[in-house]
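Enquirer: Protein chains in written order, with this note's numbering: chain G, 91 to 540; chain S, 40 to 402; chain P, 37 to 353.
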């Protein structure tokens, strides 16, 4: 324990190590926070999306804080609920029918039109479907009537979504412009938004005495949240957050498992010498020729993409790994140390010597390699995901990156989609490497002389 | 000389042996869950059905009879291929088991036919497809490695002379930048230079349509190589410089270096003969390991840049689920790794006179 | 006769994480030609650092390097590194390092390394130089076919001899040997000592022999210097030192050496040498000196006791 404290003190001499430790502390805190607030089951459900989980999010929205850096004011998503933001009037029309008029009036001041427009109908009825239609009045007085449909109570939550952006009539009307531009931009200068008050009137005919209807007008923003959204409207933050514990545990588990087995085998070979040593060396050579990533690719393709399968394969493959050579060199040196000779002379058995004396002595040397190995496994998992062989249910950084790349994020200007997971990968890698290099300078005796 | 020849020979044998075992393991893994067998069976059934249905000699048979014929022929073919028996026969008949047959196929580079992909010459033979793509990978890969290698040795030597200087400390603190693999920087570089600044192409080998003039063609290729080489360079250079510089520093505090200085050996010669030469063995070792991990990283790097080499072939094969190509590629990678280890072992022996005959791999 | 080597107030300090180590702290002495001087002292007393200071083999963390060194009349400290390299290294002084088994480059043939000074300083051609190497090998007793071997192929003793051959090959005037035999077995030690003696006579060399093994060096030594905590405490003829040491430290040293015929009770010196970082004021040996008295907390002067003998001790003022 005292050694730990001493090591820590020495570590603080290096500025880079302090930065690395800081980064690591943040990452670990993030991981813990994530696992607590978004437990595994919930994360998987969130990421799978489906139904209406993410429906209120815009597609491919940039992170909201971009607004601090751009001169133009980018809109966030606004959900206007009829109960709060609109005026409702009812009129009886005939024996059992009523006409409900919901009038929205809102001011739009952003510099860009919404990315999408939708209406949510929340009807309550037994058999006879309500009939609705929408009239939109722009600030400069243009009126558009559209969306004359009957409302079906389709979704589980009793919501019926109607996409204004894809309304046939409006699409044809606005031609080259999209619907949002048509409704929100100036007529004279189609690039600029006409700021002002919009009025949206929804007329609904209810055919049952106790039928009712509520609506929501959704103006999708172009920015959302801390990390933006992806093509499935998912908040990328979920992917970034959950990627943290996944990356950490995968990296640590792989590095640790690899190191433990390789060290033990190197020790056995070096200690017993002769045939055992030659065997270990031959096995190491064989291992060097087996291409890791291609094997993992094959496993992912033919067997299972689950992260457990990949981890298990990796651990089995890495029972012997190329660093066995380095460990063996160290063990060969230590083998002749006087304290080992002393242990043998009092009759200690082979296993005892190896596990009680040889290996522990070498642990300080191993720590830097361990720390430095972790990021390579983190990137390995990301690499598999980028290739399309990532875990299908888990949100990981590699997955976000591969989604981004697969959807041509770079061509469409969704740079944030690529940069965010890249940033997380980079920073994590950096943290470990900085600490690892500093530890190397502390523990490697040859480097201490310098 | 003789010692060198003997050592080389022993290494060749050892590596070949390792290769055989490695490829065998790969085959076993590839057939995990009987997947490859299933594919093969489906292929057989399809081709036999096709041939029976289109064969005029069988035109007059009823569908029933055709079915029976197909089943019979399929069973015969399966038996011929050994697909009716277990994959590995752990008895006297091991040599007749399919696993062994696949092993021989793999070793002789008889890698079968692709399912979906074909070469630009139209062939579906996996080996031909791979052959076509291999030179592109080698071109990119070799130039990148050589550039990184020689640059980092030169820079590291210079840095080791100026220990404690601002450049030296800078190189130490920048070393972590190499944690990110080449494809990572590739993505960033594309973002900056291709998407934003539109200075360099997004990817590919040469512009489309390729220029007729050979000079313009070469120029176009070079232009397309700039980003991938840069990505590789950025990823590799920092750790390389850091580790070589550390080697040089460690080795320059060796006793024999001090002795040489005492003898009056002038600066340049001292560096060359007393620092560089003895450090070459561990430098070569660490270069070998870097190469090997670079081979792996190449898979994604090439995909990111759509460079028409083995790496993007991998990507295509994964996307189209072309099993024979994937398995074939894995074999070829094993070969490439084996060759790399062998060549570097050889260079190591040239450089370090302490290698004894019959000794293991120096790498 | 002008002394071959004259050292005046030589100082060599190192910078370490714990402070500045004053390894060589104001050393002055003269050495005449054809003399073998032995420098004795405990580990860490600064004798190796003194050798390095004379040879200008300074480490990276050197803090102070001042003083005057005259070799064969040349003011060596005023030469820049390149001049020093060309005129002094292996031309005037050569060096046999401590643990010479590591002093040879593992990847270059032994013959070449021994020939190297000739190639550099005398501009000989390789064939000529190798002939000289063969001669040198014969003198030190290394089989001549070892010229084509690599260092790892030679035993420790052979490597030592090869390094000695290397130090002789340009016929320098002064050879500094730092513990030339401490890593070898007794028989080889004796052989090498004899060889050194023979070579000195034959080639009229001057030696500085650094050792902590007083007994072995007594054969060769004509002059003796005792160092303690970075300073010279006794300097004079070897005979005087071995038979009648004057400084309390020298006396203690001699008392700790077993003699062959006498039944002697071995003495030892309790305590430890002082730290060379901020050494204490006054006599540095005083804490351990059995003869200390009140004035010893002041820096003792270097007293000339006649007959070329100098003692740094208050007892002799």
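Note that the Cβ used here is the ideal one computed from N, Cα and C, for glycine as well.
Would you report the Cα separation of residue 203 of chain S and residue 495 of chain G, rounded to the nearest angstrom?
Expert: 42 Å
Enquirer: Pick helix, strand or coil for residue 273 of chain P, following the three-state DSSP scheme.
Expert: Of the three classes helix, strand and coil, the one that applies to residue 273 of chain P here is strand, per DSSP.
Enquirer: Got a sec: is the Cβ-Cβ distance from residue 206 of chain S to anything in chain G below 9 Å?
Expert: Not closer than 9 Å to any Cβ of chain G, the Cβ of residue 206 of chain S fails to qualify, so no.
Enquirer: Taking its Cβ as the centre, do 16 or more other Cβ atoms sit within 10 Å of residue 205 of chain G, making it buried, or is it exposed?
Expert: It counts as buried.
Enquirer: Tell me which same chain residues have a C-beta within less than 7 Å of the C-beta of residue 334 of chain P, skipping the five on either side of it?
Expert: Counting only residues of its own chain and dropping the five nearest sequence neighbours on each side, residue 334 of chain P has a CB closer than 7 Å to the CB of 318.
Enquirer: Restricting to Cα atoms, I'd like to know which of P:116, P:209, P:195 is closest to residue 235 of chain P.
Expert: P:209
Enquirer: Does DSSP classify residue 267 of chain P as helix, strand or coil?
Expert: strand
Enquirer: Hey, residue 132 of chain P and residue 198 of chain P are a contact pair by Cβ (cut 8 Å); roughly how many whole angstroms apart?
Expert: Between residue 198 of chain P and residue 132 of chain P the Cβ distance is about 10 Å, and since that is not below 8 Å, they are no contact.
Enquirer: Below 8 Å, can you find three or more Cβ-Cβ pairs linking the region 346 to 362 of chain S to the region 153 to 166 of chain S?
Expert: yes
Enquirer: Closest Cβ-Cβ distance between residue 43 of chain G and chain S: below 9 Å?
Expert: It is not possible to answer for residue 43 of chain G, since the shown part of chain G is limited to 91 through 540.
Enquirer: What residue range is occupied by the uninterrupted beta strand (DSSP E) comprising residue 288 of chain G?
Expert: First-last of the beta strand (DSSP E) with residue 288 of chain G: 286 to 296.
Enquirer: Establish whether the CB of residue 362 of chain S and some CB of chain G are separated by less than 9 Å.
Expert: yes
Enquirer: Counting along the chain, where does the beta strand (DSSP E) carrying residue 214 of chain G start and finish?
Expert: That run of the beta strand (DSSP E) goes 206 to 214.
Enquirer: Please determine, among G:292, G:257, G:150, the residue with the shortest C-alpha to C-alpha distance to residue 314 of chain G.
Expert: G:150
Enquirer: Between residue 245 of chain P and residue 74 of chain P, how many whole angstroms is the CB-CB distance? I'm expecting something under 8 Å.
Expert: 5 Å
Enquirer: Among the residues of its own chain, which have a CB less than 7 Å from the CB of residue 351 of chain S, if the five just before and after it don't count?
Expert: 341, 342, 345
Enquirer: Note down, in chain order, each residue of its chain lying with its Cβ closer than 7 Å to the Cβ of residue 192 of chain S, except the 5 sequence neighbours on either side.
Expert: 283
Enquirer: Are the CB atoms of residue 311 of chain G and residue 404 of chain G within a distance shorter than 9 Å?
Expert: no
Enquirer: In chain C, what lies closer than 8 Å to residue 157 of chain P by C-beta?
Expert: This model lacks chain C altogether, as its protein chains are G, S and P.
Enquirer: Just the C-alpha distance for residue 414 of chain G and residue 333 of chain G, rounded to the nearest angstrom, thanks.
Expert: 30 Å
Enquirer: List the DSSP bridge partners of residue 516 of chain G.
Expert: DSSP output for residue 516 of chain G lists no bridge partner at all.
Enquirer: Please tell me whether residue 138 of chain S has its Cβ less than 9 Å away from any Cβ of chain P.
Expert: no
Enquirer: Taking a contact to mean a Cβ-Cβ separation below 9 Å, would you say residue 317 of chain G touches residue 518 of chain G in this structure?
Expert: no
Enquirer: Which residues, in order along the region 504 to 515 of chain G, keep a beta-carbon less than 9 Å from a beta-carbon of chain S?
Expert: Those would be 505, 508, 509, 512, 515, in chain order.
Enquirer: I need the DSSP call for residue 202 of chain S, collapsed to helix, strand or coil.
Expert: coil
Enquirer: Are the CB atoms of residue 488 of chain G and residue 511 of chain G within a distance shorter than 9 Å?
Expert: Yes; because the gap between Cβ atoms is below 9 Å, this pair is in contact.
Enquirer: Check whether chain G comes within 9 Å of residue 336 of chain S, counting only Cβ atoms and requiring the distance to be less than that.
Expert: yes
Enquirer: Check this for me: beta carbons of residue 172 of chain G and residue 293 of chain G, under 9 Å apart or not?
Expert: no
Enquirer: Throw me the rounded Cβ distance for the residue 175 of chain P and residue 139 of chain P pair, which I believe falls under 8 Å.
Expert: Contact flag wrong, Cβ pair sits at about 19 Å.
Enquirer: Indicate the three-state DSSP secondary structure (helix, strand or coil) for residue 438 of chain G in the structure shown.
Expert: coil
Enquirer: Is there at least one Cβ from chain S nearer than 9 Å to residue 372 of chain G's Cβ?
Expert: yes
Enquirer: What residues in its chain sit with their C-beta under 6 Å from that of residue 354 of chain S, if we drop five residues either side in the sequence?
Expert: 342
Enquirer: Applying a beta-carbon distance threshold of less than 8 Å, which residues of chain P neighbour residue 316 of chain S?
Expert: 141, 143, 144
Enquirer: Hey, quick one: how far does the beta strand (DSSP E) through residue 67 of chain G stretch, first residue to last?
Expert: There is simply no residue 67 of chain G to check, as chain G begins at 91 and stops at 540 in what is shown.
Enquirer: Let me know the secondary structure DSSP gives residue 195 of chain G once reduced to three states.
Expert: strand
Enquirer: Please state whether DSSP places residue 382 of chain P in a helix, a strand or coil.
Expert: The structure shown has nothing for residue 382 of chain P, since chain P only spans 37 to 353.
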